[in-house]
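Take a look at the structure below.
2 protein chains.
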Amino acid sequence: MTKTVIHKPNYEEELRRAGIRITRPRRIIVGILTESEDHPDALEIFRRAVAIDSSISLSTVYRTMKLLEGIGAIHRHAFEGGPSRFEQAGGEHHDHLIDIDTGDVIEFKSDRIEQLQNEIARQLGYDIVHHRLELYGRKRS
Amino acid sequence: MTKTVIHKPNYEEELRRAGIRITRPRRIIVGILTESEDHPDALEIFRRAVAIDSSISLSTVYRTMKLLEGIGAIHRHAFEGGPSRFEQAGGEHHDHLIDIDTGDVIEFKSDRIEQLQNEIARQLGYDIVHHRLELYGRKRS
DNA sequence: CTTCATGCAAAATATTTGCACGAAG
DNA sequence: CTTCGTGCAAATATTTTGCATGAAG
Numbered sequence: 001m002t003k004t005v006i007h008k009p010n011y012e013e014e015l016r017r018a019g020i021r022i023t024r025p026r027r028i029i030v031g032i033l034t035e036s037e038d039h040p041d042a043l044e045i046f047r048r049a050v051a052i053d054s055s056i057s058l059s060t061v062y063r064t065m066k067l068l069e070g071i072g073a074i075h076r077h078a079f080e081g082g083p084s085r086f087e088q089a090g091g092e093h094h095d096h097l098i099d100i101d102t103g104d105v106i107e108f109k110s111d112r113i114e115q116l117q118n119e120i121a122r123q124l125g126y127d128i129v130h131h132r133l134e135l136y137g138r139k140r141s
Numbered sequence: 001m002t003k004t005v006i007h008k009p010n011y012e013e014e015l016r017r018a019g020i021r022i023t024r025p026r027r028i029i030v031g032i033l034t035e036s037e038d039h040p041d042a043l044e045i046f047r048r049a050v051a052i053d054s055s056i057s058l059s060t061v062y063r064t065m066k067l068l069e070g071i072g073a074i075h076r077h078a079f080e081g082g083p084s085r086f087e088q089a090g091g092e093h094h095d096h097l098i099d100i101d102t103g104d105v106i107e108f109k110s111d112r113i114e115q116l117q118n119e120i121a122r123q124l125g126y127d128i129v130h131h132r133l134e135l136y137g138r139k140r141s
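Heads up: the sequence lines are chains F and V, in that order.
Residue numbering for the first sequence follows the numbering used here, beginning at 1 and increasing consecutively.
Residue numbering for the second sequence follows the numbering used here, beginning at 1 and increasing consecutively.
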């Protein structure tokens, strides 16, 4: 098991490659995602964006999230209860441990688990397209 | 890895033990959950309930789901995109493989994975309160 | 009887969409 | 220029809640 390292993708490059226009709101939003080391939801991204350009709308945040998710540039997480939270893709795949008291998210990765998942899917006659592993825990005192 | 076996809990007994009144809507709703071998959402449970007693309201379904979840009698799943889906608890713990083409849910269980999860959490300084493992896959052809 | 559950309608939350206008290429 | 993206407001989807009434124990 290893903790993952943050890396900064070049979203503008990715967008251009996908033939998507680079506009001011999009530039600001991807900038925010690039700088974020947490897992903000749409509203939080909107707040950070508005601090830079107050004319940005929440709709555009949602639209941009969908767009980026579509080209695989970000991942959408639906942790229990709350709204979707987003995270830049492009780093190594990892799973999440969510602190149920603080909401903090810790990333981790286990090749053993991934391997077991594949075995299980195969035994059931499936190929895994993607998966979701979330541990909800409390800090040991 | 093993597939889990369905078993029928006595919800009325559980409710009584928890000091919760057994009303007509509740009896109908838990009856539906007992018979269900799928993972219906609130609206689907509502539809099945209305077929038995047309006076039942969707609010009551939601309230009952929350109640049953509170006493640990059912589990709430938030599979990607859709609304919460429910399943009777009381059987053995298991995880889910979701067929991305049909929405079918297959239950499975892996002690090895559970064990690895615990190790990981411990290494990160946490105790797992619960977890969620979902494999999204496509039938191998 | 007293407490609690219900149905209904309205509210709250999260997200999507139609439309007219403005900006990107 | 032409296409596409934007903000805004309204719509949608899911879930929760206030309130007056009725049922459970």
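Heads up, the beta-carbon is just placed ideally off N, CA and C, and yes, glycines get one too.
Please state whether DSSP places Gly137/F in a helix, a strand or coil.
-> Within the first sequence, residue 137/F is the residue found at index 137, counting from 1. Look at Gly137/F here: in three-state DSSP terms it is strand.
Is the beta carbon of Tyr136/F sitting closer than 7 Å to the one on Ile100/F?
-> Sequence index remark: in the first sequence, residue 136/F carries index 136 (1-based). Sequence index remark: in the first sequence, residue 100/F carries index 100 (1-based). For the pair Tyr136/F and Ile100/F, the CB atoms are nearer than the 7 Å cut-off.
Taking the alpha-carbon positions, what's the Thr23/V to Ser54/V distance?
-> On the second sequence, residue 23/V is found 23 positions in, with the first residue counted as 1. On the second sequence, residue 54/V is found 54 positions in, with the first residue counted as 1. In a straight line, the C-alpha of Thr23/V is about 15 Å away from that of Ser54/V.
Starting from the C-beta of Arg61/V, find all residues in its chain whose C-beta is less than 7 Å away, skip the five residues before and the five after it, and write them out in chain order.
-> Start at 1 with the first residue of the second sequence, and residue 61/V comes out as number 61. The residue asked about is misnamed: residue 61/V is Val in this sequence, not Arg. Taken in chain order, the residues that qualify are Ile29, Ala42, Ile45, Phe46, Ala49.
Any chain F beta carbon closer than 7 Å to Gln117/V | As a first step, residue 117/V is located in the second sequence; it is residue number 117 there, counting from the start. True, the Cβ-Cβ gap to chain F drops below 7 Å.
Helix, strand or coil: which one does DSSP assign to Phe46/F?
-> The residue labelled residue 46/F in the question sits at position 46 within the first sequence. In this structure, DSSP gives Phe46/F a helical state, which the three-state scheme calls helix.
Among Lys66/F, Glu35/F, Ile32/F, which has the Cα closest to the Cα of Gly81/V?
-> Mapped onto the second sequence, residue 81/V falls at position 81. The candidate whose alpha carbon is nearest that of Gly81/V is Lys66/F.
Of the choices Ile98/V, Glu12/V, Arg132/V, Glu69/V, whose alpha-carbon is the least far from that of Pro25/V?
-> The residue labelled residue 25/V in the question sits at position 25 within the second sequence. Closest option to Pro25/V, Cα to Cα, is Glu12/V.
Please state whether DSSP places Leu97/V in a helix, a strand or coil.
-> The count along the second sequence starts at 1 and reaches residue 97/V at position 97. Leu97/V: strand per DSSP, three-state reduction.
Got a sec? Which residues, its chain only, sit under 7 Å from Pro85/V by beta carbon, not counting five neighbours each side?
-> Numbered from 1 along the second sequence, position 85 holds the residue referred to as residue 85/V. Rather than Pro, the amino acid found at residue 85/V in this sequence is Arg. Its chain contains His39, Pro40, Asp41, His77, Phe79 as the residues whose beta carbon lies nearer than 7 Å to that of Arg85/V, once the 5 sequence neighbours on both sides are disregarded; these appear in chain order.
6 Å Cβ shell around Ala121/F - same chain, five flanking residues per side excluded | Here residue 121/F corresponds to residue number 121 of the first sequence, with the count starting at 1. Cβ neighbours of Ala121/F beyond the five flanking positions: Ile128.
Got a sec? Which residues, its chain only, sit under 6 Å from Leu133/F by beta carbon, not counting five neighbours each side?
-> Numbered from its first residue, the first sequence carries residue 133/F at position 133. Result list for Leu133/F: Asp95, in chain order.
Measuring CA to CA, which of Gln117/F, His130/F, Asp111/F, Phe108/F is closest to Asp111/V?
-> As a first step, residue 111/V must be located in the second sequence, where it is residue number 111. Per the C-alpha coordinates, the member of Gln117/F, His130/F, Asp111/F, Phe108/F positioned closest to Asp111/V is Gln117/F.
Work out the CA separation of Gly103/F and Arg63/F for me, nearest whole Å.
-> Taking the first residue of the first sequence as position 1, residue 63/F is located at position 63. Taking the first residue of the first sequence as position 1, residue 103/F is located at position 103. The C-alpha of Arg63/F lies about 25 Å from the C-alpha of Gly103/F.
For Arg85/F, three-class secondary structure by DSSP = What you label residue 85/F is simply residue 85 of the first sequence in a count that begins at 1. Under the three-state reduction of DSSP, Arg85/F is assigned to strand.
Can you tell which of Ile20/V, His131/V, Leu124/V has its C-alpha closest to the C-alpha of Lys109/V?
-> If you number the second sequence from 1, residue 109/V lands on position 109. For Lys109/V, the closest of Ile20/V, His131/V, Leu124/V by C-alpha to C-alpha distance is His131/V.
So what does DSSP say about Glu35/F, is it helix, strand or coil?
-> Numbered from its first residue, the first sequence carries residue 35/F at position 35. Helix at Glu35/F.
Does Ser57/V come within less than 7 Å of chain F when only Cβ atoms are used?
-> Locating residue 57/V in the second sequence gives position 57, where the first residue counts as 1. Closer than 7 Å to the CB of Ser57/V there is not a single CB belonging to chain F.
Can you give the beta carbon distance from Ala89/F to Gly72/F, rounded, assuming they're within the 8 Å contact cut?
-> Residue 89/F sits at position 89 when you count from the first residue of the first sequence. Residue 72/F sits at position 72 when you count from the first residue of the first sequence. Here Ala89/F really is in contact with Gly72/F; their C-beta atoms are around 6 Å apart, less than 8 Å.
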